[in-house]
Structure formats: C-alpha cells, structure tokens
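> Its first residue numbered 2, the sequence shown is counted upward by one per residue in the working numbering.
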Amino acid sequence: MAFSLTRGLHNLRASSAAGCVATIGSFDGVHQGHQIILGQVKEKAAELQLPSVAMVFEPQPDEYFSAEQAPARLMLLRDKVVALRAEGIDRVVCLQFNSRLRNLSAQAFIDSVLIDGLAVKHLVIGDDFHFGCDRKGDYRLLERVGAERGFGIEQTRTIEYAGERISSTRIRRLLEQEQFELAEQLLGKPYGINGRVVYGQQLGRSLGFPTANVRLNRYRSPLSGVFAVRSVVAERVVNGVANIGVRPTVAGLVKPILEVFLLDFSGDIYGQRITVMPLKKLRDEKKFDSLDELKRNIERDVEQAKIFFNRL
C-alpha cells in the first residue's frame, strides 16, 4: 500500500471510505514507546486487511494553548511524517489544531473525526489519552461508543525503561541534562536536528569559521549552547561544532537558530538538508563583549571539539 499524507478534516472522508485502524497522538520523537503503539496498529491493520493510520495535530495541542511556553519540540512535522512512514504506517493524517477542533465536545470529535472522517474500524490509544472540550473523552467513552457504532478500541500499556515511563517529556529532560546516550536508547536512534541550510549573515565566514545555518522554526529548542556534533550532509558524515540558540553577541534572536561549523569539509551546501546530532556539550551560549572575544572562544570551542573527537 502506497504511503500517503492527508491534511485537513475536509479531506478525510474521501480518503477513508474503506475504513482503517488508527491511533492518535502527538508522537513527538516517535520514540520506543510510540513504536510499541504503532506496532499494535500495524498488527491489527494486517489482521483486518485495512490501512494503518496515525493522526497528529499541527500545531501540537500544548503549543496551541501555551504558545511560547509550550515544551520544546523534539521534531517538526516533516520529520515526524518521515519517522512514521519509516515505522511502516500507511497513512498520516494531520489536522490543524484550531478553535474549531478545540471546541468539539468528546462526542462530536468521535462523530465528525473518527466515524464520519476516518471511518475507523479499530482504534489504539495510549493510557493517558483524553480529548474533547468537555474533557469527557477517554477510553471508557470510546469503548461504549465503539460497541454501539461498530469499531473496536484497544488501550496500550505504559512502556518503561529503567523503571520510568518512556515519554517525550523524559527525553527532553535527558537532552537538557546532556544524557545523549540514554536519550538515544529511549528514542531508538540518535537524537538529531534536521533542517535546510540557509543563507545567514556570513559573520562566521568573516571570522574564519563559515557555518551552515538552519532555522529551527520553533520558539524553543530542547538544546541550547555549543556542542561537538556529528552531521550528515551531502551524503557525508562530518564532525563539527554547533551553536544552538539565539546568538546573544550578534543578533539577540527570539526564535533559536542552529549554526554548524563543519570540520575538514568544503563545498556549497546551501539549500541542502542537514542532520546534526549532538555528542557533547562544550559550553553554554554566552554573550561576549566584542567580536574578537567571540572569535577567540570559537577557536577554543573548535580545539575542544577536535580533542573530543580524537578520543572517540
């Protein structure tokens, strides 16, 4: 079955007439806990010979309600769709989380989204799933309505690692604590930031350290500071030094940006996609009094990164 992405409630019915096995969630990170849920969805879909569907929201509900105060994302929508496809999901449905969706009661959500929209035949949900402006949407309501309207409902169990639940919140905390190896275990893959290289102010080049600049397109990043990183760009794996933050010495940005100085690399990569994986934090982001002081600290960062990579 060919993979597809459906965006918008108005496009659901035409693409869901045959029914599906679905799950709903933010799936931020598509971590090991999410992968268990997706496995249940795929298994039931194969049994019923129906497409497997993962429904996500954009913006994520906590971003809609909290805006700049919302937790930092582990991944943006594009990366999430790529990861869900890689897990073998047949179709991703992305609904805009807006006032219309936010104001649906639990029953109205079931009727308009699950039944009329998805034509769901079986639904797999996490143990903490709640929905509806009236906060009445939970497993018990879905179980009762499913029995009346002809769809099955299945609840997932909590997935733990080292005695604690695997969650996007836990992974964010691990990244903030620089526990990159444990975060990788919970994610099932190294944590990486993906984006397209864009033109910047060329300041790094003028200082002797040309950087690949990536706009993160989010209010907050789960990481901030200067890191020794491993990057994948132009089909090459390259070590480097990355600054993730708001460039206090130069710009004082509101939204964070990623700047990567690639060691032993030359070439034009503007417009190409890059994946940056942090391996070690070198220091916090800091405002310097002059560009000369900034340059001296960048030189020190690069030397520290080279020492780190030589020890691997």
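Every residue gets a Cβ at the ideal spot worked out from N, C-alpha and C, and that includes glycine.
Report the residue ranges of all alpha helix (DSSP H) runs contained in full by the region 132-200; include only those spanning at least 4 residues, in chain order.
The region 132-200 contains these whole alpha helix (DSSP H) runs: 140-150, 169-177, 181-188.
> With distances taken from CA atoms, which of Gly-133, His-123, Asp-129, Arg-92 is nearest Gln-108?
For Gln-108, the nearest C-alpha among the options comes from Gly-133.
> Apart from the five residues just before and just after Thr-170, which ones in its own chain have a Cβ nearer than 8 Å to its Cβ?
So the qualifying residues of the chain are Pro-72.
> Using only the alpha-carbon positions, how far apart do Arg-168 and Glu-161 sit?
Reading the sequence as shown, one finds Ser at residue 168 and not Arg. Between Ser-168 and Glu-161, the C-alpha separation is close to 9 Å.
> Note down the Cα distance separating Leu-187 from Ile-38, rounded to an integer number of angstroms.
Going from the Cα of Leu-187 to the Cα of Ile-38 covers about 14 Å.
> How about Ala-235 and Gly-268: do their beta carbons lie closer than 9 Å?
Yes, Cβ-Cβ distance for Ala-235 and Gly-268 is below 9 Å.
> I need the straight-line Cα distance from Val-57 to Met-76, nearest angstrom please.
Computed Cα separation, rounded: 13 Å.
> Compute the beta-carbon to beta-carbon distance between Gln-36 and Glu-88, rounded to the nearest angstrom, for a pair I have assumed lies under 8 Å.
So it is a contact: roughly 6 Å between Cβ atoms.
> Whose C-beta lies closer than 6 Å to the C-beta of Arg-219 among residues of the same chain, with five residues either side of it excluded?
Answer for Arg-219: Arg-74, listed in chain order.
> With distances taken Cα to Cα, identify the nearest neighbour of Arg-298 among Pro-257, Arg-274, Leu-259, Ala-243.
Looking at the sequence itself, residue 298 is Asn, so the reference to Arg does not match. Out of Pro-257, Arg-274, Leu-259, Ala-243, Ala-243 has the C-alpha closest to the C-alpha of Asn-298.
> Using the C-alpha atoms, what's the distance from Gly-20 back to Arg-8?
Cα-Cα distance, rounded: 17 Å.
> I'd like the ranges of any beta strand (DSSP E) spanning at least 3 consecutive residues and lying wholly in the region 33-83.
List check, beta strand (DSSP E) in window: 53-59.
> Using only alpha-carbon positions, find the residue among Arg-158, Ser-67, Phe-266, Met-278 that is nearest to Gly-127.
When each option's Cα is compared against that of Gly-127, the closest is Arg-158.
> Tell me whether Thr-250 sits in a helix, a strand or coil according to DSSP, three-state version.
Note that Thr-250 scores a pLDDT of 49, beneath 50, so its modelled location is shaky; the value from the coordinates is reported in the next line. The answer is coil: DSSP assigns Thr-250 none of H, G, I, E or B.
> Check whether the Cβ atoms of Val-22 and Val-146 lie closer than 9 Å to each other.
No; because the gap between Cβ atoms is not below 9 Å, this pair is not in contact.
> Does the region 224-233 come close enough to the region 281-300 to have 3 or more Cβ pairs within less than 8 Å?
A contact exists between the region 224-233 and the region 281-300.
> So what does Leu-281 bridge to, in DSSP terms?
The sequence as given places Lys at residue 281; Leu does not occur at that position. Ala-229.
> Applying the 10 Å Cβ sphere with the 16-neighbour rule, what's the burial state of Ala-163?
Exposed, by the Cβ-count rule.
> Per DSSP, what are the beta-bridge partners of Leu-115 in this structure?
BP columns for Leu-115 are empty, so no partner.
> What are the start and end residues of the beta strand (DSSP E) that includes Gln-97?
Here the beta strand (DSSP E) through Gln-97 covers 92-97.
> Got a sec? Which residues, its chain only, sit under 6 Å from Thr-250 by beta carbon, not counting five neighbours each side?
Because the pLDDT at Thr-250 is just 49, under 50, the model does not fix this residue reliably, and the value given afterwards should be weighed accordingly. Closer than 6 Å at Cβ, skipping near neighbours: Lys-288, Phe-289, Leu-295.
> For Leu-142, which residues in the same chain have their Cβ closer than 7 Å to its Cβ, ignoring the five residues on either side in sequence?
Same-chain partners within the cutoff: Ala-107.
> Helix, strand or coil, according to DSSP, for Ala-107 in the structure here?
Helix.
> Apart from the five residues just before and just after Glu-165, which ones in its own chain have a Cβ nearer than 8 Å to its Cβ?
Arg-171.
> Relative to the C-alpha of Ile-154, which residue among Ser-5, Ala-184, Phe-130 is closest?
For the residues Ser-5, Ala-184, Phe-130, the minimum Cα distance to Ile-154 belongs to Phe-130.
> Just checking my contact of Leu-49 with Val-114 at CB under 8 Å: how many whole Å lie between their CB atoms?
Between Val-114 and Leu-49 the Cβ distance is about 20 Å, and since that is not below 8 Å, they are no contact.
> Does DSSP classify Lys-256 as helix, strand or coil?
Coil, per DSSP.
> Give the single residue among Phe-181, Glu-59, Ala-47, Glu-185 whose Cα lies nearest to the Cα of Arg-103.
Per the Cα distances, Glu-59.
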